[in-house]
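Written below as structure tokens is the structure these notes are about.
Chains as they are written, first to last, in my numbering: chain A, 11 to 130; chain B, 329 to 546.
Here is the structure:
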């Protein structure tokens, strides 16, 4: 259960783009959480809310895209979704596979409110 | 509304420090192993048997990670090797920065092998690179032969799996072949060892393998 420190890392990254002094401008934080990233999306959402509460980021909410677990077979070149815990190619049975998606934990982009964007 | 594209890994700060650790260890020719398991699988016992088994063949340093207490470091220091205890105070995994701080407390010049014993947890430590050359997962037979299937993330990120407590097999409802096959189903590249830290079965093969990986620098 390390979603709290993950949430803090996300805040730290946002702060490099939008310094604290500019007010509650960040509306949305898009992040990607892979199915095998070891992070529980609901828990991360809760922790992020708790961390930004009462801060300049209090208006920001997380938009979490959960990415499926996909692998590429080194044997036959097949790309497939990993079902359950079977890391074997369903086409040729090879175990020589590489996970190509589903382990990511990434801040994709942030959306700023109109005030920040200079519309107001 | 305006959008700022970021596309950065959330754990990038940890990964950067891990890379620094890796570079430092490489510079000193040290093989670093991140030893992970659930609580009670036998990590510390394996460290002890490994130190006995290697004898003076490799110079070993140990970093012990624990949620609380320095009990493990006290066990390990009896073997006369440099050991640093990290107490995470509730933290469920070691992070690269903690290991970096610990490395500054060890004389690295003479070491061949560094064993980093992580906090007992098969979930979170999978995602935190510490700068190790490889992760070794200890799974004990007492945990059941279906254990690997429940923790694919850890086994996918590991290079080695050590099936420990094989001396208990007569008393357990655990099929060793099934345990092994489940681990290999998650990651076919795993190097598999079968050990007992009570009888020391399998420890010589494990130590010989470590010798091939961490052999003394010229």
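Every residue, glycine too, gets a C-beta built ideally from N, C-alpha and C.
| Check | Outcome |
| --- | --- |
| Paired residues, beta bridge with residue 362 of chain B - DSSP | B:444 and B:463 |
| 8 angstroms Cβ cutoff, residue 396 of chain B in contact with chain A | no |
| Test: residue 23 of chain A CB closer than 8 angstroms to a CB of chain B | yes |
| Amino acids of chain B, ordered along the chain, whose beta-carbon sits closer than 8 angstroms to that of residue 122 of chain A | 329, 330, 331 and 332 |
| Of the residues A:124, A:115, A:121 and A:123, the one placed nearest residue 19 of chain A, counting alpha carbons only | A:115 |
| Neighbour flag for residue 62 of chain A against chain B, beta carbons, 8 angstroms | no |
| Stretch pair the segment 348-359 of chain B + the segment 438-452 of chain B: three plus CB contacts closer than 8 angstroms | yes |
| Closest residue to residue 274 of chain B among B:498, B:533, B:352 and B:519 (Cα-Cα distance) | In the structure as shown, chain B begins at 329 and stops at 546. Residue 274 of chain B is therefore absent and cannot be evaluated. |
| Residue(s) in a DSSP beta bridge with residue 77 of chain A | A:44 |
| Residues in the segment 69-100 of chain A having any Cβ partner in chain B nearer than 7 angstroms | 95, 96, 97 and 98 |
| Per-residue burial, residue 423 of chain B [other beta carbons within 10 Å of its own, 16 or more giving buried] | buried |
| Alpha-carbon spacing of residue 69 of chain A relative to residue 13 of chain A, whole angstroms | 20 angstroms |
| Three-pair Cβ contact test at 8 angstroms for the segment 440-454 of chain B versus the segment 333-350 of chain B | no |
| Range covered by the beta strand (DSSP E) that runs through residue 118 of chain A | 115-122 |
| Runs of alpha helix (DSSP H) lying entirely within the segment 443-531 of chain B, each at least 4 residues, in chain order | 475-478, 480-484 and 504-514 |
| Residues, ordered as in the chain, of the segment 451-482 of chain B that lie near chain A by beta-carbon distance below 7 angstroms | 451, 452, 454, 455, 477, 480 and 481 |
| Close Cβ partners of residue 517 of chain B (< 8 angstroms) along its chain, the five nearest in sequence each way excluded | 487 |
| Any C-beta of chain B under 8 angstroms from that of residue 53 of chain A | no |
| Candidates B:529, B:351 and B:335: closest to residue 26 of chain A by CA position | B:335 |
| DSSP bridge partner residues for residue 35 of chain A (one or two, in chain order) | Looking at the DSSP assignment, residue 35 of chain A forms no beta bridge with any residue, so it has no partner. |
| Neighbour list for residue 341 of chain B in chain A, Cβ cutoff strictly below 8 angstroms | 19 and 22 |
| Contact residues within the segment 505-532 of chain B, judged by C-beta distance below 9 angstroms to chain A | 510, 512, 513, 514, 515, 516 and 517 |
| Three-way DSSP call (helix, strand, coil) for residue 404 of chain B in this model | helix |
| Candidates B:381, B:425 and B:462: closest to residue 363 of chain B by CA position | B:462 |
| Any chain B beta carbon closer than 8 angstroms to residue 110 of chain A | no |
| CB contact below 8 angstroms: residue 115 of chain A versus chain B | yes |
| Cut-off 6 angstroms between Cβ atoms - residues of its own chain near residue 453 of chain B, not counting five sequence neighbours on either side | 364, 421 and 446 |
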